[in-house]
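One line per chain: the protein sequences are A and B, in this order.
Quick note: the first sequence uses my numbering, first residue 190, plus one each step.
Quick note: the second sequence uses my numbering, first residue 190, plus one each step.
By construction, the Cβ of each residue, glycine as well, lies at the ideal position given by its N, Cα and C atoms.
In this text the structure is predicted, and so the values were computed from the model without any measurement.
Protein chains: 2
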Amino acid sequence: MKMQFSMRNVMILKEKTCERFFSEVRSRDGIFVCTIATTETALIPGISAAGATPELRRYTAQADVEYLYYGKVLTIKEIPKNPLGPPSPVIITKAACNLMDIPILIIDAGCEVKPKVPSIVLRKEGLRCITTGKAFGGGKSLIQKAKVLAEEFSKLERYVVLGESVPGGTTTALSLLTFLGIDAMGKVSSSMVDNAHELKEKIVLKAYKNAKLDSKYIVKNPVKIVESVGDSMQLVNAVLTIYLSQKVPVILAGGTQMLAVAAFIDVLSKYLKEDVNWKNISVATTRWVAVDKNADFIGLAKAVKPLKYVFAANLNFSESKFEGLRGYEKGLVKEGVGAGGIVTAGFVKQLFSHEEILHEIEKLFASM
Amino acid sequence: MKMQFSMRNVMILKEKTCERFFSEVRSRDGIFVCTIATTETALIPGISAAGATPELRRYTAQADVEYLYYGKVLTIKEIPKNPLGPPSPVIITKAACNLMDIPILIIDAGCEVKPKVPSIVLRKEGLRCITTGKAFGGGKSLIQKAKVLAEEFSKLERYVVLGESVPGGTTTALSLLTFLGIDAMGKVSSSMVDNAHELKEKIVLKAYKNAKLDSKYIVKNPVKIVESVGDSMQLVNAVLTIYLSQKVPVILAGGTQMLAVAAFIDVLSKYLKEDVNWKNISVATTRWVAVDKNADFIGLAKAVKPLKYVFAANLNFSESKFEGLRGYEKGLVKEGVGAGGIVTAGFVKQLFSHEEILHEIEKLFASM
Chain A
190 MKMQFSMRNV MILKEKTCER FFSEVRSRDG IFVCTIATTE TALIPGISAA
240 GATPELRRYT AQADVEYLYY GKVLTIKEIP KNPLGPPSPV IITKAACNLM
290 DIPILIIDAG CEVKPKVPSI VLRKEGLRCI TTGKAFGGGK SLIQKAKVLA
340 EEFSKLERYV VLGESVPGGT TTALSLLTFL GIDAMGKVSS SMVDNAHELK
390 EKIVLKAYKN AKLDSKYIVK NPVKIVESVG DSMQLVNAVL TIYLSQKVPV
440 ILAGGTQMLA VAAFIDVLSK YLKEDVNWKN ISVATTRWVA VDKNADFIGL
490 AKAVKPLKYV FAANLNFSES KFEGLRGYEK GLVKEGVGAG GIVTAGFVKQ
540 LFSHEEILHE IEKLFASM
Chain B
190 MKMQFSMRNV MILKEKTCER FFSEVRSRDG IFVCTIATTE TALIPGISAA
240 GATPELRRYT AQADVEYLYY GKVLTIKEIP KNPLGPPSPV IITKAACNLM
290 DIPILIIDAG CEVKPKVPSI VLRKEGLRCI TTGKAFGGGK SLIQKAKVLA
340 EEFSKLERYV VLGESVPGGT TTALSLLTFL GIDAMGKVSS SMVDNAHELK
390 EKIVLKAYKN AKLDSKYIVK NPVKIVESVG DSMQLVNAVL TIYLSQKVPV
440 ILAGGTQMLA VAAFIDVLSK YLKEDVNWKN ISVATTRWVA VDKNADFIGL
490 AKAVKPLKYV FAANLNFSES KFEGLRGYEK GLVKEGVGAG GIVTAGFVKQ
540 LFSHEEILHE IEKLFASM
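This is the structure we're talking about:
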């Protein structure tokens, strides 16, 4: 009975025999780690709806984590919104964290403006636009820091839900996936209804042109690839996952951005000569991403060969009493700040029902 | 039998009936949190031996936490040393953490130069000399951040060993203790053999003169006191302890610096109108601090009235094969980076014997 209850709420999108992974998650408590960064890629008009305007997108990641900790935003006036109205998915994440009583830790992988929350700072500066072909530097130092952090987190013996907030991040995901040889053009998700595939592709091609890297770098030096045409969240979350997976289960909480992280884990672990335990790794997103007709999350998930477990939290806001939340059903907002992954963890551990999480989200929405 | 084993190694210096506290610590796993900061107070010649020269003391805290994480120092050439030779107590802390497999988290409460480790940054800038009467600003923001951090740490349901590395910190401790009405002149500990009581007192009196605060601030606004004549570690660790104590046991790991934190907890909790659970709070230091004839740790501990539990790890290096370590028995180094508190936790939980911890320290010393 209990199993059915949980399975209705979690969509299983790849390998079907995931009972071992679920039981590893069920057998322990968790922590929620959210890695944030800002990239000037997000400032390109029309690239993202994670924040109402390009100028406000400078602060979306910071506002997200401030809301997570304080239930209010300090850096800007209010919680980030899609220009068409629906609030940032952070309210889903916050609602789940409230019900799960799970500890939250923020990793700052490079923000131009620092959030007003206690965060583990791995990098001082924000990231350049990927069209420069030099998105960020200091990748080796980030690897060193993320590795020790993973070692410390491992000692907690908890499962880790690893989220992100990186406005412009689906474009850097497209860029990294494609460079790694995965046919991702037209397939990544978006914070916008109609996506912006053509614009994203144009940006990615410009990034490649200026980066002047060839595919030999996949083996020779994948760190250079992510530094040139990716983002620091991808690198940090990949390193964390490699080392965490050796000890504890990890839920990469996100959509196509986390598929890019998973694809990168494969090449990075070989380069670092580190074991990665794929039996301890899943990607979990929301239903809105999984069924998005303007993207191909499931197709991309299949293309990331070593990744076994891919889930989606079967969230449905069509019955919500709030129009803002019903906007999720129109694809106006789909995922972010680890929403899909943390809710999946809550469903797998039966810490709340769909009714309870929706109720908590509505409570937060009403008090915004 | 087992109890006797542990009691030989832990000196009980105040309230004798501490079995409840010990059993709370024994019933759970722990985390080690080390709060660091730099104050220009440490640059006054003759004030400190935490670092071989005033210039090197700018980097003592950073080097300490780098060694904790990496087993090597990145910011400067080598692990901080007393000018007379013995190494920073961080090797004791590191040895204990190795044997206990306890997760380590670093809080940066304000460092002029940032350490090259992942740390939770609460404040960007370092602190001014207390003689300015304006050591730091932004106390309210630090309280807000430390509070949410304590709430997240509490959810781990682990005991917390809370250490510090703040060169010059016994002078700011003297300053805060005295302002709070505790007769501390000539009684605080020191990183030097002969202490430097006269110099410290002169500095404190200059701080008071320039701060222009009267004793009414103890009730009216104690945050202003610590901002003016104390340091940010004292404020952050006090806030963390207040909120942590409501849920989990806390070991304030240090000597007279942690007595200053304990004294400040009393006034700050009243000001913030927050409950503090003294049954969940202890101060634990090393034997070298407890028996130091040039200070009066036990007398000061008694003067901090609400503080119930005060311990010292009964470490003894007189039989060490290394002269550098035997220097601890001459009072050349005594405490720091939470050494006494983390070893006390290890002894209470019987995770190592005196022989085992000494062996691990010698191993680290030999490989330095």
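Quiz item: Which residues share a DSSP beta bridge with A/I309?
Solution: Position 120 of the first sequence, counted from the first residue, corresponds to residue 309 of chain A. Answer is A/I296, B/I309, bridged to A/I309.
Quiz item: How would you call A/V302, buried or exposed, if buried means at least 16 neighbouring beta carbons within 10 angstroms?
Solution: Along the first sequence, one-based indexing puts residue 302 of chain A at 113. The residue in question, A/V302, is exposed, as its Cβ has fewer than 16 Cβ neighbours within 10 Å.
Practice problem: Per DSSP, which residues does A/L500 bridge with? Please list them. | Solution: Within the first sequence, numbered from 1, the residue matching residue 500 of chain A stands at position 311. According to the sequence provided, residue 500 of chain A is Phe. The question's Leu does not apply to it. Per the DSSP secondary-structure output, A/F500 pairs in a beta bridge with A/I201, A/A473.
Quiz item: Can you name the residues that DSSP bridges to B/Y256?
Solution: Within the second sequence, residue 256 of chain B is the residue found at index 67, counting from 1. None; B/Y256 has no bridge partner.
Quiz item: What residues from chain B crowd round A/D290, counting only those whose CB sits closer than 7 Å?
Solution: Numbered from its first residue, the first sequence carries residue 290 of chain A at position 101. K344, listed in chain order.
Exercise. Quick one: list the residues of chain A neighbouring B/K523, beta-carbon separation under 7 Å, in chain order.
Key: What you label residue 523 of chain B is simply residue 334 of the second sequence in a count that begins at 1. In chain order: nothing, as chain A lies at least about 27 Å away.
Quiz item: Does DSSP classify A/Y348 as helix, strand or coil?
Solution: In the first sequence, residue 348 of chain A corresponds to position 159, counting from 1. Residue state, collapsed to three classes: strand.
Quiz item: For A/K261 and chain B, any beta-carbon pair shorter than 8 Å?
Solution: Here residue 261 of chain A is taken as the residue at index 72 of the first sequence, counted from 1. Not one chain B Cβ lies under 8 Å of A/K261.
Quiz item: In chain order, which alpha helix (DSSP H) runs of at least 4 residues are fully inside the stretch 370–446 of chain B?
Solution: 386–400, 406–409, 411–418, 421–434
Self-check item: Neighbourhood of A/I225 by C-beta, 8 Å cutoff - its chain only, sequence neighbours within 5 removed
Solution: Here residue 225 of chain A is taken as the residue at index 36 of the first sequence, counted from 1. Excluding sequence neighbours, A/I225 sits near A250, Q251, D253, V254, I295, I296, D297, A298, C300, P304, S308, E353, S354, V355, M422.
Quiz item: Under three-state DSSP, which class holds A/V602?
Solution: Nothing about residue 602 of chain A can be read from this structure; chain A reaches only from 190 to 557.
Exercise. Taking a Cβ distance cut-off of 9 Å, strictly less, list which residues of the stretch 410–443 of chain B are near chain A, in chain order.
Key: Contact annotation: in the stretch 410–443 of chain B, no residue has its CB less than 9 Å from a CB in chain A.
Quiz item: Run through DSSP, which three-state label would B/G520 get?
Solution: Along the second sequence, read from residue 1 onward, the residue named residue 520 of chain B stands at position 331. If DSSP states are grouped into helix, strand and coil, B/G520 belongs with coil.
Self-check item: B/A451 versus B/K391 - alpha carbon distance
Solution: As a first step, residue 451 of chain B must be located in the second sequence, where it is residue number 262. As a first step, residue 391 of chain B must be located in the second sequence, where it is residue number 202. The alpha-carbon of B/A451 is positioned some 24 Å away from that of B/K391.
Quiz item: Are the beta-carbon atoms belonging to B/P411 and B/L441 less than 8 Å from one another?
Solution: Start at 1 with the first residue of the second sequence, and residue 411 of chain B comes out as number 222. Start at 1 with the first residue of the second sequence, and residue 441 of chain B comes out as number 252. No; because the gap between Cβ atoms is not below 8 Å, this pair is not in contact.
Practice problem: Using a Cβ cut-off of 8 Å (strictly closer), state whether A/I265 contacts chain B. | Solution: Taking the first residue of the first sequence as 1, we reach residue 265 of chain A at position 76. No, no contact with chain B.
Practice problem: Locate the alpha helix (DSSP H) running through A/I281, then write down its first and last residues. | Solution: Position 92 of the first sequence, counting from 1, holds the residue named residue 281 of chain A. Element bounds for A/I281: 279–289.
Self-check item: Own chain partners of B/R197 with C-beta closer than 6 Å, once the 5 adjacent residues on each side are dropped
Solution: For the purposes of this step, residue 197 of chain B is identified with residue 8 of the second sequence, where counting begins at 1. Contacts found: none.
Quiz item: Which residues in chain B sit within 9 Å of A/T389, going by Cβ to Cβ distance?
Solution: For this step, residue 389 of chain A is matched to residue 200 along the first sequence. With the sequence shown as reference, residue 389 of chain A is identified as Lys, and Thr is not the correct amino acid for it. In chain order: nothing, as chain B lies at least about 31 Å away.
Self-check item: Contact set between the stretch 289–313 of chain B and chain A, restricted to residues whose Cβ is under 9 Å from the partner
Solution: Answer set for the stretch 289–313 of chain B: D290, I291, P292, I293, L294, I295, I296, D297, K303, K305, V306, P307, S308, I309, V310, L311, K313.
Quiz item: On the three-pair Cβ rule with 8 Å, is the stretch 429–440 of chain A touching the stretch 330–343 of chain A?
Solution: yes
Quiz prompt | Opening and closing residue of the alpha helix (DSSP H) in which A/V532 lies | solution = By one-based count along the first sequence, residue 532 of chain A stands at place 343. If you look at A/V532, you'll find it in the alpha helix (DSSP H) that goes 528–537.
Quiz item: Could you check where the beta strand (DSSP E) with A/F221 kicks off and where it finishes?
Solution: The residue given as residue 221 of chain A occupies position 32 in the first sequence. For A/F221, the enclosing beta strand (DSSP E) covers residues 219–225.
Quiz item: Closer than 8 Å, CB to CB, is A/E353 near chain B or not?
Solution: Start at 1 with the first residue of the first sequence, and residue 353 of chain A comes out as number 164. At a cut-off of 8 Å between C-beta atoms, A/E353 does not count as an interface residue with respect to chain B.
Quiz item: Should A/P278 and A/V499 be called a contact, given that it needs their Cβ atoms to be closer than 8 Å?
Solution: Along the first sequence, one-based indexing puts residue 278 of chain A at 89. Along the first sequence, one-based indexing puts residue 499 of chain A at 310. Cβ atoms of A/P278 and A/V499: not closer than 8 Å.
Quiz prompt | Beta-carbon proximity check, B/K413 vs B/L424, cutoff 8 Å | solution = Mapped onto the second sequence, residue 413 of chain B falls at position 224. Mapped onto the second sequence, residue 424 of chain B falls at position 235. No, these two residues do not count as a Cβ contact at 8 Å.
Quiz item: Just the Cα atoms here: how many angstroms apart are A/K552 and B/G358?
Solution: For this step, residue 552 of chain A is matched to residue 363 along the first sequence. For this step, residue 358 of chain B is matched to residue 169 along the second sequence. Their Cα atoms are separated by approximately 46 Å.
Quiz item: In chain A, which residues lie less than 9 Å from B/L461 when you measure between Cβ atoms?
Solution: Against the second sequence, residue 461 of chain B aligns to sequence position 272. By Cβ distance, chain A contributes nothing, its closest Cβ being about 16 Å from B/L461, past 9 Å.
Quiz prompt | Beta-carbon neighbours of A/Y348, restricted to chain B and to distances below 9 Å | solution = By one-based count along the first sequence, residue 348 of chain A stands at place 159. Against chain B, the beta carbon of A/Y348 has no neighbour under 9 Å; the closest one sits roughly 13 Å away.
Quiz item: Between the stretch 507–518 of chain B and the stretch 264–277 of chain B, do at least 3 Cβ pairs fall closer than 8 Å?
Solution: yes
Quiz item: Is it right to say B/A362 is buried, meaning 16 or more other beta carbons lie within 10 angstroms of its own, or is it exposed?
Solution: Counting from one through the second sequence, the residue named residue 362 of chain B turns up at place 173. With 16 or more other Cβ atoms within 10 Å, it is buried.
Quiz item: Which same chain residues, not among the five before or five after A/P495, have their C-beta less than 6 Å away from its C-beta?
Solution: Here residue 495 of chain A corresponds to residue number 306 of the first sequence, with the count starting at 1. Cβ within range, chain order: D455, W467.
Quiz item: Just how far apart, CA to CA, sit A/D383 and B/V408?
Solution: By 1-based counting over the first sequence, the position of residue 383 of chain A is 194. By 1-based counting over the second sequence, the position of residue 408 of chain B is 219. Cα to Cα, A/D383 sits roughly 59 Å from B/V408.
Quiz item: Are any of the Cβ atoms in chain B nearer than 8 Å to that of A/V478?
Solution: Within the first sequence, the letter at position 289 stands for residue 478 of chain A. Interface flag for A/V478 against chain B is unset, since no Cβ pair is found closer than 8 Å.
Quiz item: In angstroms, rounded to a whole number, what distance separates the CA positions of A/P243 and A/L388?
Solution: If you number the first sequence from 1, residue 243 of chain A lands on position 54. If you number the first sequence from 1, residue 388 of chain A lands on position 199. About 15 Å.
Quiz prompt | Neighbour-count burial assignment, B/A528, 16 or more Cβ in a 10 Å radius | solution = Your numbering for residue 528 of chain B matches position 339 in the second sequence. Label assigned to B/A528: buried.
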